[in-house]
Each structure stands twice: as C-alpha cells, then as structure tokens.
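Protein chains in written order, with full-length UniProt numbering: chain D, 1 to 162; chain E, 1 to 911.
All residues carry an ideal CB built from backbone N, CA and C; glycine is no exception.
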C-alpha cells in the first residue's frame, strides 16, 4: 500500500501532500520535513529507494523517489509494493502531468493544486494503484475538464474577482 | 481563477515567515467572512475559496473552518462544485469528524445516482477517508456495486479498491458473502484496469482467508500466461514501453505468493512456463534504450524471482533466479544492485540455493567496499549476514569489522550486533571470538551496547578453555594509551575473575595488573568505577600480596568520602571486609562466578527488536539447521549477594535495555515474543481483578510503597502512568522499576512521603494471555527490597466498542459459528446479581452494550473489536444470568479461538 505521496521542491517547500493513512496535521508537516531531509542529502545517481523515516514507520516502509529539475516526487510505500513498479508509476504521473499542463513546471503545481489532486486521484485511490494506463487517465481528466468548462459557461459569467 | 493566483503570488513574494503568516491570516479572515456572509456564494467563488484553503493547508497551517461549506458542495448537482467538495473532504477531514454522517448522506445519494462520474467521486471519498462510520454505512453497498452486471468499468475499478480499503480498516464490517465468488471472476474481465484493481483486492482478502479465494490461483495463472505470451502490441494501451501490462503482471505474481505451488499438475506446469518465459526475456536484448523499458521489465522479473523463492520447490528455477540476481549484482544501475542484494537475502535462506548464493561472496564484499550509496551498502551487510555460515564466517566477520571503521554512523550499531552474533554463532575456537569482540570495542566502542560486552563475559565465564587467553588478551589491550570505557569494563571483570591465570608471568604480575586497571580508574564513569572497585576486592582474594596496596587505595579520601553514594559504600564495605574477614571467608564470599544459565542470546533478541523478525535470516536458518551451534548462554544471575562485581544485578535489570536517557518514556514492546521474562523467580503479586474492567486505581500496596495506576487505551496502543508513592519518612535509594527485562530508568531516589511517576507506552502486537510484570527494586534503610507485580494489561484493554443492530448482530453471530470460534462458560455468581453493575462491568470491559438485541431482556449482549498491531478481531459476547440458580452462562464468539478463550476467562472472573 502507498502510505503517502509527497512532492516538494529543492528547498523543501511542499507542493503536494497526500496521505492515505491518518496523521495529525502536525505530524504530516513533520513527515514532509523528515522526508525532505532524508532525500535531499542524497547524491544524484544513487539508488531511488531508501528506508522510510522514523515518523512514517521506519524500516517497514520504503521511500521511492525521483528528482526532476526542481522537484522531488516521493512515494512512501510498504513492503507489498514493487519498488520498480512504483518508480514507473512516478514516471507515469509525471508524464501525465506533462501532457495535461503542456510542459509541466513547478508553477503549474503551485497554481493548480486542485488539478494535480484530481489527476492523482485517477491513478491512486485509498493508497492502491487504480489506473496505470496513461491514455485512460488523460481521457478521464479531459472529460472532467470538458464538464468543468461547460458548467463554467452555463453558470458563470466572467468577472473581476479577488 | 485570478483571485487564487493573486493570493499565491502574494504569498510567494513574502519576504519573511511573519509576513507570510500575516497574509494568510488576512486571507483566512476574508474567506471566513465570505462564508459567514448572507450573500449566497456561487459555485465558482466557493471553489476558489476552497482552493485557497487547500493551499494554506499545504503550507502547514491548520484549517478549522470551511468543512460545512465543503459538505454543502457535495450535494450540489454541478460536477465542479461536487468535485471540489470531495477534494476538500478527502484532504482535510479526518476519520473521526462529526460531519461524517452528513458526508455519508451525500455519498449515499451519489452512489445511487447511476452517474458514473458521481459514483467514482463518492467511492474515492470512502476509500480516502476510510473511517469506521463509513465502513458501517457502505460495507454492504460497495460489494453490490462491484459485482453488479451493469456497472461501468471505471466504477468497478473504484469499487474494488474502495472495498479493499474498507476491508483493511474495518475487516469485521465487511462480511464475506456470495460476492466473493464473483470477485474472483473479475480476474477474467476484459478491461485490464478492472483486473488490476481486482487483483489487489483479492490479494488482500486471500491473505486473510486463503481458503475462500483458492480458486483465484488457476485464474491468475491463466491470466498471467496470456500476458506473458502476448506480443507487445496485443494489449495496446496497457503496454508500457514495450512491456505488456507490467503492473498487472506484478500484482498477479504477488497474488500467487499468497499460496503454495499449485497442486494441479497442469496449472503448475503452466506457471513454470510463465516464470521461465520471464527469465528468458531478461536475457533478450532490450527493445528500447529507455530506462522505463528496463524498469518495467525488471519489475516483473524481480516479482517472478520472489515467487520462485517463495515456492522454494523447483531447483532449476531457483538456480536460474540466483544466476540472474548474480548478474544484477554487477549491473551498472544502482537500483538493480540494491534490489538484487535484497532478493538474494531471502534466497540465502532457501535450502536449495544457500550454496549458490555463497558463490557471490566476493562481489558482495566488493559492494560493501565500493558502493557510493549507503542504502546499497546496508543491503550488502544484510546479505553477508544472511549468507554467513561456518565455512565463511571468519572471512565475513573480518570484512564487516574492517568496514566498521569507515561505516556510516547510522548503521554502526547494527553492524556491531551482527558481527557479535556471527562471531558467537560460528566460533569454532573461542580465542577468535574474544579477539573479535575486543576488536569491535576497539573500532567502534561507542556503538557496542551493553548486551555485547555482557555477552563476552558470560561466554568467558562459561568456558574454561578460553579464560586464560581472555585474561591475557584484555591485559594486552588495556595497555593501549587510550582505550574505550567498555574495554575497561570487560578488562576489570575478566582480570578480577581470572587475573590469577596470567599472574605467573612477571610481565603481568598481580601488582602490574592492578596498576594497569587503576591507571584507568579516574577516567571512567561511576558505574565503571564501581565495577573496578569490585574487581579490586576480588584481587585481594586472588592475590594476598597486593592486599596492602589495594587497602591503601580504598582508604583514600577520594574513595571513602566519594560524593557518589554507591562508590562510597562499596569502598567502605570492601575495605572493612578485607580487614575483618578471614582468608576462608574471603575465599567463599569472593568465589569465582558460577556459570550463567543457558538462554537465547540477548544480542539476538536486541537485533530482532531493532529490525523486526522479518529481516532476520540467520534466524530462519537456525530452524533449518541445528539449534544455536555453540549453545547460547545469557545473562542474569539474579542473586546479588554472591555477585560482588555487581554485574548480576545490573544485567538482570538492564539486560537488553537500549541506552536511554533518564526520564524519557519508551515504547515498551512488552508482548513481543522475543522477550524472555527474566525475573520470574520473584514472588509475583497478581493484579486485583477489578482492573480488568477499570483503568485507574491502586495496583499494589505494602507498608512501604504504594503503586498507583492511571491508564488509557486506544486501538492497539496504550499509555500507562505508574505512580510510586513512598509511604515512609525515609528516602528509598537505588530505586529502579522495570518491565520484563526492559529497564525504565527512574529517578534513583524517592524521598520519604514523595511520589515518583513513570510513563509506559504499550503496544499490543498480537493477542496474548500473560500480563507483563513490573519489577521494582530499591533500598530502604539497609535492605534491598524486591517487588514484582503483574501490570493490569489484559487483552480486553484493546477493545473498541461497536454498535450494531439486532439483525446485524445475529447475522454475525451466525457467521462466527465454527466450534473453535465459540467459547462458553457456566459459572456461579460471586457477587449479587445487580443489572446496573453488570452493565457497567461489560462496558468497562470495553465492549459496546447492545440494548434491545437479545429477545430476552434480562440477557446482556455486547460487541467490539480487539485491535492488535497486525490484525483486528471482531468479538461478540452474550451473558445470560439465571437469578434463581445464581448462575451465569457466558458465550464468546470471535474470529480467533485464542481470543475467545482469553476474553471468556477474563470476563467470567468479574461476576
């Protein structure tokens, strides 16, 4: 099972956090910091797996991560998941984001937190892998976007807002 | 959403943390007023504000409002609003929110809406929140959606994972039923996404009740075979970088690992064929240079190898798996080297392949020396440990020792433990063992825990043949200008016992030995000095010629008037003893220590605790080969009077205690089977039986000491506050309290009339019968007091009450109808049969008292769930009083026979 999915940048600023087990808000923030601390001190080109931090279950859990430009994508998983499988899943996630945002960058994640959550929800549900087929995921996301647009068009007239 | 963008930009432009907090507070006030305002917000604004809240939450700020607005969004019939409502709830609402019933209502509507998008949103929400209330509300509905013929594929996928989630959070609420057979057939579904989700679900269910899902094996093999033999284009979208459905293959291989090899020859043959094909594909040239291609391919390959190792039955496959892993050990991809080391660890415990694994020893040693990544080096250490046997122990121990000098600080302690265990287990001659341990202390003295040096002393004492060598070696080691304190301890103890064996040599005459030890004295901490003082008095017995010198040392002000009470007392007593006792008495009192009783190695227990039993392969191979080659010996001669070195009592209380600082509370893993109760010899005071249904009160009282308790339990965790009250007007000295063999450092003194508090954290690992024992030791006046009481930690403390209707209750009651699941007891009432008292007791016991469930109103029924770390056990109970006969009949039904028995025993004592 996937216990948590975290995205943060090279300075440890969280850009997405999704926990599939319940922790208090404080603990969640601490886990993000601890994970950043563990992952960020590792060299490039070392392996993508390491034992989880103490807060999220220690050696029973593994952190599987990838580092893309300014962002770290970290999945914390228990022993029932395949390490390489999760590594590929991160890749699918990133490729999907790339397609949905057209050349995704950190700013897209910052300004569209809700979209990122929705895309993730198409892939992972309650800590289990729901869908791995990128075309299927994108079809779902597109359908949502269409629905959103049609509703905005009907119910919402553009206007100034703050 | 411009407002959102502006806000985020503002935050990003903040120069300081204070400015950021100020901006956030301003925004929170703004949103709050918008939500409170009487103008109805349109969906767009609501969405915008909820997004802002999400962003603020992500930055680490608490959000304490907006929940109600989010819940209102759920009942909107616009997709956008509904979606953002669900998003807010799955991120921000935790499982015990009081809004759950409102949320449940909205979910119920969406589930019955027949709109697949809405149904998916609702199922996602159930899976992400996964609370008990939700499980109660939807445990029956979700399976129905899953197997209904007209459900869309995407909804089926969500329903499968939703059910999986409910089953892991509240297994007792998800009843098996006719849907189980139909779930298995989802493995044949056209849509590979559905099959993937279903495989995850079946794997989890099969781990819990393998019998019910046995039929999945043949279906899984068939499916796997179709995937493996398909051309890479057959599966279209589910082909990932030229690999056919890698995730599904991995999941299917995991599912098969829940079962032994198939008995049916045809199925077994087909599976073997699949595994061979996967192994063959590894040798084919890659279809793409992309790393994703090799990743996906190897994910399947590693899972296939896991299955081969799990079956452990086909020698040819095992050899091929081992060779494949051997190739990966030298692969240029770090990830593959890491995984190969990890898989080989499990392979090393297989009888067929232990020898094959051993052939890779040079590569693994090389990895230890040259890998840049500490995670990989750690796996190499694990593998060396797993592949170690008598033939290669010397080489492996030597390599690990030399690695220790440069090892990462974070893994040194673990390596020290592993080296100590291997050295002991495979020692052919004990001189090698003694050398190894002394080297450990020399290279990594700070990481040598007490267990390790206790252990070397135990072994030296129990083996005559090594005593002289040990004395000589420590004597030489102590001559180094700077030596670790642990070495001084070992040296002091061993020379005190066996210094006479080397005293014949003029280079290590008694006086030289004494001077050597005493030259370290002033550099050492108090416990070590205390040990050295004991060694000195032993010297007086061994070597009458140095008596004068030692008496002189003991008589000096720095000893007799030492600020430390323990040291002062030892100096005074030893000096007096040496002056008044005759040689005979001295010889009797200071006799050589008797051999320690043989027990499981405390070091092994410590490593188990550190790593969890799963990672301990030599343990597995212990079962396979002869038990503990060298006869493990351990610890604890709990008779302080004969043990003048003071070690016996220290070991008895501190054995296996991890180094902890004063006053901290630790997670006492009291129910783990690895721990050996150590002080059973003391008279045991049982706890009063009222504690079964109560959490607070006075646990124990005698004329000196009162022990009070306050405890709280939640799921499988508990916390207990123990209060030690001194009823006398005199101070207690050397106060120590310990649970089993784990010492909780308490303040060593308790003033007259004062109270001392300790906190114990408790975790229920699995169901249990014996309560942990609290040992207390202190000095009152001149005498040492020993008290042992059982702590009132009983299985029912980990109860969570469950409310249910009469119908549910009897349905579950019937499901738990197997003979071993029910335990019944008929017994005479010990107290008056008062209805209200009985009710209070059942609730105190932890179960929910269910009114109006039993047709006979004078009967009591209750329900609850016992939480342990690994499982949850649903429990139902029924108590039927017979006032005329003054008898009760108590029936317990749970899914586990040991639990039924224990709960019945506990509860029947209460009436």
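Asked	Found
Residues in the region 315–340 of chain E with C-beta within 9 Å of chain D's C-beta atoms, listed in sequence order?	333, 334, 335, 336, 337, 338, 339
Considering only C-alpha positions, which residue in the set 118/D, 123/D, 131/D, 133/D is nearest to residue 234/D?	With chain D running from 1 to 162 in the structure shown, residue 234/D is simply not present.
In this structure, does DSSP put residue 518/E in helix, strand or coil?	helix
Buried or exposed, going by whether 16 or more other CB atoms sit within 10 Å of the CB of residue 269/E?	exposed
Roughly how many angstroms lie between the CA atoms of residue 183/E and residue 176/E, to the nearest whole one?	11 Å
Please tell me whether, using a cut-off of 7 Å, the distance from the CB of residue 252/E to the nearest non-hydrogen atom of the ligand ZN is below it.	Within the structure as shown, the ligand ZN is missing, as the structure has no ligands at all.
Report the three-state DSSP secondary structure of residue 51/E (helix, strand or coil).	helix
So, with DSSP's three-state summary, where would you put residue 96/D?	helix
Can you tell me which of 267/E, 78/E, 138/E puts its alpha carbon nearest to the alpha carbon of residue 103/E?	138/E
From residue 889/E to residue 824/E, what does the alpha carbon distance come to, in whole angstroms?	7 Å
Comparing the C-beta of residue 240/E with each C-beta of chain D, is any distance below 8 Å?	yes
Using the rule of at least 16 other Cβ atoms within 10 Å of the residue's Cβ for burial, across every protein chain shown, is residue 579/E buried or exposed?	exposed
Residue 642/E by DSSP, collapsed to three states: which one?	Residue placement at residue 642/E is flagged as unreliable, the pLDDT there being 33, under the threshold of 50; the coordinate-derived value follows with that caveat. Three-state result, residue 642/E: coil.
Pick out whichever of 437/E, 379/E, 491/E, 376/E has its Cα sitting closest to the Cα of residue 394/E.	437/E
Which residue's Cα is closest to the Cα of residue 42/E: 237/E, 70/E, 380/E?	70/E
I need the DSSP call for residue 914/E, collapsed to helix, strand or coil.	No information on residue 914/E is available, as it lies outside the stretch 1 to 911 that chain E covers here.
For chain E, is any of its Cβ atoms less than 8 Å away from the one on residue 117/D?	yes
Mapping the DSSP letters down to three states, classify residue 931/E as helix, strand or coil.	The question about residue 931/E has no answer here: the residues shown for chain E are numbered 1 through 911.
Quick check on residue 60/E - is its C-beta less than 8 Å from some C-beta in chain D?	yes
Looking at chain E, which residues of the region 47–73 of chain D have a Cβ within less than 8 Å of any of its Cβ atoms?	47, 48, 49, 50, 51, 59, 60
Given a cut-off of 8 Å, decide if residue 165/E and residue 126/D are closer than it, judged by their beta-carbon atoms.	yes
So, with DSSP's three-state summary, where would you put residue 831/E?	coil
Would you tell me roughly how many angstroms separate the C-alpha atoms of residue 116/D and residue 56/E, rounded to the nearest one?	16 Å
Apart from the five residues just before and just after residue 34/E, which ones in its own chain have a Cβ nearer than 8 Å to its Cβ?	41, 45, 49
Using a cut-off of 8 Å between C-beta atoms, extract the partners of residue 373/E located in chain D.	42, 43, 46, 47
So residue 113/D contacts chain E; which residues on that side make the cut at Cβ distance below 7 Å?	51, 54, 55, 58
When the distance is taken between beta carbons, is residue 248/E closer than 8 Å to residue 199/E?	yes
What residues of chain E sit near residue 121/D, judged by a beta carbon separation below 7 Å?	124
Determine the direct distance from the alpha carbon of residue 910/E to that of residue 690/E, and round the result to whole angstroms.	7 Å
Quick one: which chain D residues come within Cβ less than 7 Å of residue 130/E?	126
Compile a chain-ordered list of the residues in the region 403–427 of chain E whose CB is closer than 8 Å to at least one CB of chain D.	none
I'd like to check one pair, residue 229/E with residue 196/E: are the Cβ atoms closer than 8 Å?	no
Taking only beta carbons into account, state which residues of the region 291–309 of chain E come closer than 8 Å to chain D, listed in chain order.	292, 295, 296, 298, 299, 302, 303
Grouping DSSP H, G and I as helix and E and B as strand, with all else coil, what is residue 107/E?	helix
Against chain D, with Cβ distances strictly below 8 Å, would residue 31/E count as a contact?	no
Consider the Cβ of residue 98/D: report whether some Cβ of chain E lies at a distance smaller than 8 Å.	no
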